[in-house]
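Single-structure report; data block below.
Residue numbers (the working numbering), protein chains in the order written: chain G, 1 to 263; chain C, 264 to 506.
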């Protein structure tokens with residue numbers, strides 16, 4: 001097998017083994033969106049009336065509306081958690097091992113992204129299966145069509161995490177970034193409410209939501225779940241992904257000495 | 264294998280953290296099969312030098328050549344020729360020795376039977392063959408270090424870089440590891456750069472590089488440099504801070 005693919009397979013296997021060991025992480029990643037679905041959405045069902053907007057053909061319940069957003073939430077949290085493990089890796093030294101491999105550095109970092117995205121996608125499918133049992137069922141084709149959308153969104157969000165991990169020197173700072181990145185990204189998006197609903201309260205907030213790459217990722221997933229393409233959302237997600245990836249590669253450039261101690 | 268066997272050399276290598284100079288025009292050359300001890304007190308710049316040699320950092324000041332490959336011009340060929348043991352352990356403690364080594368082999372593009380044969384040979388070389396299926400967490404400190412040394416041999420490097428590999432080990436384990444690595448340079452012709460601050464790990468026949476405050480103070484045969492005094496006293500005299 002080609003050297004680059006050998007490394008890819010090994011990095012994905014290692015990530016999968018770590019994941020299997022950390023069952024708590026798996027359960028937490030599943031419980032979080034389920035709580036939102038079964039408690040938050042149920043509570044807000046009456047408060048939030050939703051009109052018919054594409055891709056929906058008919059009135060839908062709020063639970064149905066937030067499922068794509070919760071898929072995005074899993075990808076977002078996992079993308080960040082995986083970079084948290086990168087910061088940890090970096091401090092524990094195994095990142096050094098990865099980066100002293102003779103393979104191109106961009107490929108090694110990309111392998112890490114693919115590995116963490118693969119784990120995230122598995123979690124999203126588990127969540128969708130539980131949601132299906134709960135009664136929120138998408139067209140069968142949607143479950144297939146959503147796969148590429150999840151991969152693209154997962155890589156974009158993972159690349160964001162990777163970029164952040166390269167720029168953050170200490171774990172404490174990272175906890176701050178979780179609050180300043182994850183929550184604004186999630187709440188200022190269409191995960192929980194559609195854009196037009198946001199516009200009713202503030203056009204500025206609507207504009208921020210529209211510019212948020214997480215909104216694009218969620219909309220791409222929403223349409224894909226109904227087996228409909230959303231090309232603009234896909235385009236913006238890919239662009240954002242490339243931008244974050246470039247930022248991550250810049251951050252991990254050895255000339256910048258990302259591993260160096262301060263002082 | 265590249266067929267090029269020139270050892271390891273650094274010419275006028277400097278590095279600064281902001282305004283603080285960590286390495287100042289450091290130059291040395293280690294021949295194939297030579298064991299060089301890089302001796303320096305804490306904070307002398309040893310780890311910075313290792314980060315530059317392993318390309319975790321790069322610098323524009325100076326040239327590093329590994330097995331004949333210029334590290335900044337041809338980094339991948341150079342990295343393929345070095346085996347590194349970092350100061351901090353880089354084993355995945357929850358994986359077995361074999362899985363840790365298989366992962367490393369894959370990062371160097373090695374898989375399948377070929378990789379397995381190399382791993383078996385490396386473990387055998389370090390007397391670790393019977394521990395292949397043990398979890399890294401269950402090994403003692405000395406055996407973990409030996410696993411890491413075995414790991415850095417898998418891809419048949421020609422240069423070994425070890426950054427204070429005996430930190431935290433008891434005397435017997437330290438002795439065993441020091442002897443193993445001396446044997447690797449003597450018997451297998453590997454170029455070894457061994458960073459330490461412990462003089463008893465150095466043999467008289469070794470090359471001695473003394474690094475202090477980022478500058479290379481001495482570079483020569485350890486036995487000749489120390490003369491009739493003990494290496495410990497010689498080292499202290501060299502690096503003594505003025506009162």
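Backbone N, C-alpha and C fix where the C-beta goes; we use that ideal spot for every residue, glycine too.
Quick check: is the beta carbon of residue 23 of chain G nearer than 8 Å to any beta carbon in chain C? Stepping through the first chain from its first residue, residue 23 of chain G is reached at position 23. With 8 Å as the cut-off, residue 23 of chain G does not count as an interface residue toward chain C.
So that I know if they touch, is there some Cβ in chain B lying closer than 8 Å to that of residue 55 of chain G? Of the protein chains in this structure, namely G and C, none is chain B.
When the distance is taken between beta carbons, is residue 235 of chain G closer than 8 Å to residue 167 of chain G? By 1-based counting over the first chain, the position of residue 167 of chain G is 167. By 1-based counting over the first chain, the position of residue 235 of chain G is 235. Contact: no.
Below 7 Å on C-beta distance, what does residue 102 of chain G contact in chain C? Walking along the first chain from the start, residue 102 of chain G turns up at place 102. Residues of chain C whose Cβ lies closer than 7 Å to the Cβ of residue 102 of chain G are, in chain order, 339, 342, 343, 371.
If I'm right that residue 291 of chain C touches residue 461 of chain C with Cβ under 8 Å, what's the distance once you round it to whole angstroms? Residue 291 of chain C sits at position 28 when you count from the first residue of the second chain. Residue 461 of chain C sits at position 198 when you count from the first residue of the second chain. With 8 Å as the limit, residue 291 of chain C and residue 461 of chain C do not qualify as a contact, their Cβ atoms being about 20 Å apart.
Chain G contact for residue 265 of chain C (CB, 8 Å cutoff): On the second chain, residue 265 of chain C is found 2 positions in, with the first residue counted as 1. Note that residue 265 of chain C scores a pLDDT of 39, beneath 50, so its modelled location is shaky and nothing firm can be said.
How would you list, in chain order, the residues of chain G whose beta-carbon sits under 8 Å from the beta-carbon of residue 478 of chain C? In the second chain, residue 478 of chain C corresponds to position 215, counting from 1. Ordered by position in chain G, no residue passes the 8 Å Cβ test against residue 478 of chain C, which lies about 19 Å from the chain.
Quick one: is residue 497 of chain C near chain G, going by C-beta distance under 8 Å? Reading the second chain from its first residue, position 234 is the one you call residue 497 of chain C. Using beta-carbon distances, residue 497 of chain C does not count as an interface residue toward chain G, since no partner is under 8 Å.
Using three-state DSSP, classify residue 497 of chain C as helix, strand or coil. Counting from one through the second chain, the residue named residue 497 of chain C turns up at place 234. DSSP places residue 497 of chain C in helix when its eight states are reduced to three.
Paired residues, beta bridge with residue 274 of chain C - DSSP: Counting from one through the second chain, the residue named residue 274 of chain C turns up at place 11. Residue 274 of chain C is bridged by DSSP to C/326.
7 Å CB neighbourhood of residue 266 of chain C in its chain, flanking five on each side removed: Residue 266 of chain C sits at position 3 when you count from the first residue of the second chain. Here residue 266 of chain C scores only 41 on pLDDT, less than 50, and its place in the model is too uncertain to base an answer on.
Simplified DSSP state of residue 347 of chain C, which is helix, strand or coil: Residue mapping note: residue 347 of chain C aligns to position 84 of the second chain, counting from 1. Secondary structure of residue 347 of chain C (DSSP, three-state): strand.
Exposed unless 16 or more other CB atoms sit within 10 angstroms - verdict on residue 469 of chain C: In the second chain, counting from the first residue as 1, residue 469 of chain C sits at position 206. Burial call: buried.
From the DSSP output, in three-state form, read off residue 292 of chain C for me. Taking the second chain and counting its residues from 1, one reaches residue 292 of chain C at position 29. Strand, per DSSP.
Look up residue 283 of chain C in the DSSP assignment and say whether it is helix, strand or coil. By 1-based counting over the second chain, the position of residue 283 of chain C is 20. Residue 283 of chain C falls in the strand class under three-state DSSP.
So which residues on chain G does residue 298 of chain C lean against when the C-beta distance must stay under 7 Å? The residue given as residue 298 of chain C occupies position 35 in the second chain. Under the 7 Å cutoff, chain G gives no residues; its nearest Cβ is about 21 Å from residue 298 of chain C.
Would you call the CB atoms of residue 444 of chain C and residue 271 of chain C closer than 8 Å? Translated into the one-based positions of the second chain, residue 444 of chain C becomes position 181. Translated into the one-based positions of the second chain, residue 271 of chain C becomes position 8. Not closer than 8 Å, so no.
Within the same chain, show all residues whose beta-carbon is closer than 8 Å to that of residue 16 of chain G, passing over the 5 residues directly before and after it, in chain order. Your numbering for residue 16 of chain G matches position 16 in the first chain. Setting aside the 5 residues that flank it on each side, residue 16 of chain G is surrounded in the same chain by 115, 118, 119, each with a C-beta closer than 8 Å to its C-beta; the list follows chain order.
Where does residue 260 of chain G fall in DSSP's three states? The residue you call residue 260 of chain G lines up with position 260 of the first chain. Its pLDDT being 49, under 50, residue 260 of chain G is placed unreliably by the model, and nothing is read from it.
By the criterion of Cβ-Cβ separation under 8 Å, what are the contact partners of residue 409 of chain C in chain G? To locate residue 409 of chain C, count along the second chain from 1; it is residue 146. The premise fails here: residue 409 of chain C is roughly 17 Å from chain G at the closest Cβ pair, so nothing lies under 8 Å.
Check for me: the alpha helix (DSSP H) holding residue 475 of chain C runs from which residue to which? Mapped onto the second chain, residue 475 of chain C falls at position 212. Here residue 475 of chain C belongs to no alpha helix (DSSP H); instead the beta strand (DSSP E) covers 470-475.
Tell me the DSSP secondary structure of residue 244 of chain G in three-state form. Here residue 244 of chain G refers to the residue found at position 244 when the first chain is read from its first residue. DSSP places residue 244 of chain G in helix when its eight states are reduced to three.
For residue 464 of chain C, three-class secondary structure by DSSP: Here residue 464 of chain C refers to the residue found at position 201 of the second chain. The answer is helix: DSSP assigns residue 464 of chain C an H, G or I state.
Could you work out which residues of chain G lie near residue 317 of chain C, taking near to mean beta carbons separated by less than 7 Å? In the second chain, the residue the question calls residue 317 of chain C occupies position 54. Contact annotation for residue 317 of chain C against chain G: 100 [CB-CB distance below 7 Å, chain order].
Starting from residue 458 of chain C, trace the alpha helix (DSSP H) both ways and give me its first and last residue. As a first step, residue 458 of chain C must be located in the second chain, where it is residue number 195. Per DSSP, residue 458 of chain C belongs to no alpha helix (DSSP H); it is in the beta strand (DSSP E), 454-459.
Could you round the C-beta distance between residue 347 of chain C and residue 317 of chain C to whole angstroms and report it? I think they count as a contact, below 8 Å. Within the second chain, the letter at position 84 stands for residue 347 of chain C. Within the second chain, the letter at position 54 stands for residue 317 of chain C. Approximately 5 Å separates the beta-carbon atoms of residue 347 of chain C and residue 317 of chain C; this is inside 8 Å, confirming the contact.
Using only CA atoms, which one of C/355, C/466, C/373 lies nearest to residue 419 of chain C? Translated into positions along the second chain, residue 419 of chain C becomes position 156. Ranking the options by Cα distance to residue 419 of chain C, first place goes to C/373.
For the stretch 370-390 of chain C, which residues have a CB atom closer than 8 Å to at least one CB atom of chain G, in sequence order? Here the close residues are 370, 371, 372, 373, 374, 375.
Minimum C-alpha distance to residue 226 of chain G - residue among G/150, G/55, G/110: Working through the first chain from its first residue, we reach residue 226 of chain G at position 226. Between residue 226 of chain G and the set G/150, G/55, G/110, the nearest pair of CA atoms involves G/55.
Give the DSSP-derived three-state secondary structure of residue 72 of chain G in the structure shown. Start at 1 with the first residue of the first chain, and residue 72 of chain G comes out as number 72. Residue 72 of chain G sits in a helix when the DSSP states are folded into three classes.
Determine the extent of the beta strand (DSSP E) in which residue 483 of chain C is found, giving its start and end residues. Taking the first residue of the second chain as position 1, residue 483 of chain C is located at position 220. For residue 483 of chain C, the enclosing beta strand (DSSP E) starts and ends at 478-484.
Could you give the DSSP three-state label for residue 179 of chain G: helix, strand or coil? The sequence position of residue 179 of chain G within the first chain is 179, counting from 1. In the displayed model, residue 179 of chain G falls within a helix according to three-state DSSP.
Reduced DSSP category for residue 332 of chain C - H, G, I as helix; E, B as strand; rest coil: Counted from its first residue, the second chain places residue 332 of chain C at position 69. Shown here, residue 332 of chain C sits in a strand according to DSSP, grouped into three states.
Could you check whether the stretch 331-346 of chain C touches the stretch 291-300 of chain C, counting it as contact only if at least three pairs of C-beta atoms, one from each stretch, sit closer than 8 Å? With a cut-off of 8 Å, the stretch 291-300 of chain C and the stretch 331-346 of chain C do not count as touching, because too few Cβ pairs lie within range.
Identify whether residue 97 of chain G lies in helix, strand or coil by the three-state DSSP scheme. In the first chain, the residue the question calls residue 97 of chain G occupies position 97. Looking at residue 97 of chain G - three-state DSSP - the assignment turns out to be helix.
Does DSSP put residue 317 of chain C in a helix, a strand or coil? Numbered from 1 along the second chain, position 54 holds the residue referred to as residue 317 of chain C. Looking at residue 317 of chain C - three-state DSSP - the assignment turns out to be coil, as it is neither helix nor strand.
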